[in-house]
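Residues 117 to 392 (my numbering) make up the sequence shown, in order. Every residue, glycine too, gets a C-beta built ideally from N, C-alpha and C. What follows is a single structure, written as structure tokens, with notes after it.
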Amino acid sequence: NKSGNLIHSAFASALPSGNSSESKRKSSLTVLDCVWMHSKQTYYVLDCVWWKDQNIACNDACMRLWFVQSKMEELQDALSVVSNCNRFKFACIETRPVNAHALRSLYASAQDNNDWHSDGLIFYHKHGCYVPQQACPLILVWKDRKISRWLIDTSNRQNADATLQFVTLQLRAHGVVSTHEEEVVLGTLDEPLRVKHRLQENDLVRCSVTNVHMHDCRVENLKFIKRCSASKMQADTWSKIVFQHQAKTETAIQFNDILAAVNYQQQKKRTQHAAE
117 NKSGNLIHSA FASALPSGNS SESKRKSSLT VLDCVWMHSK QTYYVLDCVW WKDQNIACND
177 ACMRLWFVQS KMEELQDALS VVSNCNRFKF ACIETRPVNA HALRSLYASA QDNNDWHSDG
237 LIFYHKHGCY VPQQACPLIL VWKDRKISRW LIDTSNRQNA DATLQFVTLQ LRAHGVVSTH
297 EEEVVLGTLD EPLRVKHRLQ ENDLVRCSVT NVHMHDCRVE NLKFIKRCSA SKMQADTWSK
357 IVFQHQAKTE TAIQFNDILA AVNYQQQKKR TQHAAE
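In structure tokens, the structure reads:
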């Protein structure tokens, strides 16, 4: 999960080479990017990285999403039920091309669905490849209070000071602390503090800030809180820090802003086609 804890150890699945009957054939590697929904005991597939030893990650998003959808449909009978060969169900997340109608439909369903709790919309650039373990601007998550119960990070909710924003940063050489993107440096921790808390280079640290300046890539009043536990996987990205600040200050991009941008692009395409 997001904290680095293992949700399930090895288990049988109906995916290629996923169980003992499958492994009797030639063993192969299949890697899927999934979201686990405990209430439905189901893995929902977001993306495909490898399939039967074939590297899918280097292909564009349109191809990957079509590919995994078609493969999941081929195995639907086996993957949609729990059996000795398939401990948990697998299903594909609904994907749609970006247009005004699709956005309105997805936004409405995310608010009205009582079977699961939405945590936002994911936007894929159709020509983007899969980038593991790194922040990628070609895959973005957007959310607001209507479609996410977890809009604002509440991991430090015991602190009553609403003006503070809490961020996870990585300690670099000479006490510098940065976001997941090493080039975004937000401050330094002095040597006495590092010695006192036995901090070492590459440790993840929890800090508080009071303001975030998006265009200057800087924050105000950076203060060390604690060293993060070993389960914390990585530092926050700069985009996450900015988004959290905008969500707290009610200045984030709204759904109607996205819809207006999509409508503008659609109208622009129609005008170009008419001109041709």
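Practice task
Measure from the alpha carbon of Ser136 to the alpha carbon of each residue in Asn202, Tyr160, Val161, Leu181, then state which is nearest.
Solution key: As a position in the sequence shown, residue 136 is number 20, starting the count at 1. For the residues Asn202, Tyr160, Val161, Leu181, the minimum Cα distance to Ser136 belongs to Asn202.
Practice task
Please name the residue, chosen from Glu190, Ala346, Pro253, that lies closest to Glu297 on a Cα-to-Cα basis.
Solution key: Numbered from its first residue, the sequence shown carries residue 297 at position 181. Of the listed residues, the one whose Cα sits closest to Glu297 is Pro253.
Problem - Lys205, DSSP secondary structure in three states - result: The residue labelled residue 205 in the question sits at position 89 within the sequence shown. Three-state result, Lys205: strand.
Exercise for the section: Name, in chain order, the residues that DSSP records as bridge partners for Gln281. Expected result: If you number the sequence shown from 1, residue 281 lands on position 165. Looking at the DSSP assignment, Gln281 forms a beta bridge with Val325.
Exercise for the section: Return the residue from the list Thr211, Val300, Phe359 that minimises the CA-CA distance to Trp266. Expected result: Working through the sequence shown from its first residue, we reach residue 266 at position 150. It is Phe359 whose Cα lies nearest to the Cα of Trp266.
Exercise for the section: Excluding the 5 residues preceding and the 5 following Arg288 in the sequence, name in chain order all residues of the same chain whose CB lies nearer than 8 Å to its CB. Expected result: As a working note, residue 288 is residue 172 in the sequence shown. Result list for Arg288: Ser294, Glu298, Val301, Glu317, Asn318, in chain order.
Practice task
May I ask you to report which of helix, strand or coil DSSP gives Gln170?
Solution key: Taking the sequence shown and counting its residues from 1, the one referred to as residue 170 is at position 54. Gln170 falls in the strand class under three-state DSSP.
Handout entry: Identified DSSP bridge partners for Lys339
Key = Position 223 of the sequence shown, counting from 1, holds the residue named residue 339. Looking at the DSSP assignment, Lys339 forms a beta bridge with Ser324.
Problem - Inter-residue Cα distance where the pair is Gln350 and Glu210 - result: Position 234 of the sequence shown, counted from the start, is the residue given in the question as residue 350. Position 94 of the sequence shown, counted from the start, is the residue given in the question as residue 210. Spanning the two alpha carbons is a distance of roughly 28 Å.
Practice task
Going by CA-CA distance only, name the one from Val321, Ser196, Asp163 that's closest to Lys156.
Solution key: Here the question's residue 156 lines up with position 40 in the sequence shown. When only C-alpha atoms are compared, the closest one is Ser196.
Practice task
To the nearest angstrom, report how far apart Ala346 and Thr284 are at their CA atoms.
Solution key: In the sequence shown, counting from the first residue as 1, residue 346 sits at position 230. In the sequence shown, counting from the first residue as 1, residue 284 sits at position 168. So the alpha carbons of these two residues sit roughly 13 Å apart.
Exercise for the section: Kindly identify the DSSP beta-bridge partner or partners of Thr158. Expected result: The sequence position of residue 158 within the sequence shown is 42, counting from 1. Answer is Met153, Lys205.
Practice task
Consider the Cβ of Ala173: report whether some Cβ of chain D lies at a distance smaller than 9 Å.
Solution key: This model lacks chain D altogether, as it is built from one protein chain only.
Exercise for the section: Classify Pro213 as buried or exposed, calling it buried when 16 or more other Cβ atoms lie within 10 Å of its own Cβ. Expected result: For the purposes of this step, residue 213 is identified with residue 97 of the sequence shown, where counting begins at 1. Under this definition Pro213 is an exposed residue.
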